[in-house]
Ligand SMILES: N[C@@H](CCC(=O)N[C@@H](CS)C(=O)NCC(=O)O)C(=O)O
């Protein structure tokens, strides 16, 4: 049954995984944490997310749910007995989705530049990242 046996395929440093871990914590869900090696992807990850082959994946009763924002929505729908993750006000819900989108489109991409560049490019990426955090 949904919600009975939950496993999270994740990587500690992933901001997308963090998003899911926060949602699970907010809802008080007990789950098994399975750290994945993204440089040598295991059979379980490839089987559970054959399309993107990325973490996080929430495996609930053997069925995978992929993509962090979809997982967060799933958690909210399955553990309905706990307080909803989003506001009841449509405008506030839109704002929450806006900032989630900002993290996906802006923060993650700039963050990636910090560890994939060197020298001046890296310094510029660091500045850009701090600027985005301030926004
Ligand atoms: N849009 C995805 C992004 C997930 C993602 O980019 N995960 C990274 C780790 S932070 C990953 O699994 N990368 C492995 C790869 O690209 O092969 C989500 O929101 O879940």
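In full-length UniProt numbering, the protein residues as written are 1 to 135. Ideal placement from N, C-alpha and C gives every residue a C-beta, glycine not left out. This structure is a prediction, so every number in the text was calculated from the model and none was measured.
| Item | Value |
| --- | --- |
| Environment of residue 36 [buried if 16+ CB atoms lie within 10 Å] | buried |
| Cβ-heavy atom distance, residue 9 to ligand 1, below 6 Å | no |
| Member of 119, 8, 126 whose CA lies at the smallest distance from the CA of residue 62 | 8 |
| Under the three-state DSSP convention, the category residue 14 falls into | coil |
| Contact the segment 14 to 22 vs the segment 67 to 74: 3+ CB pairs below 8 Å | yes |
| Endpoints, the beta strand (DSSP E) within which residue 140 is located | No statement about residue 140 is possible, as the shown extent of the chain runs from 1 to 135 and does not include it. |
| Euclidean distance between Cα positions of residue 153 and residue 26 | Because the chain in this structure spans residues 1 to 135, residue 153 falls outside the shown range and cannot be described. |
| Nearest-angstrom Cα separation, counted from residue 32 out to residue 43 | 17 Å |
| Residue 38 Cβ short of 6 Å to ligand 1 heavy atom set | yes |
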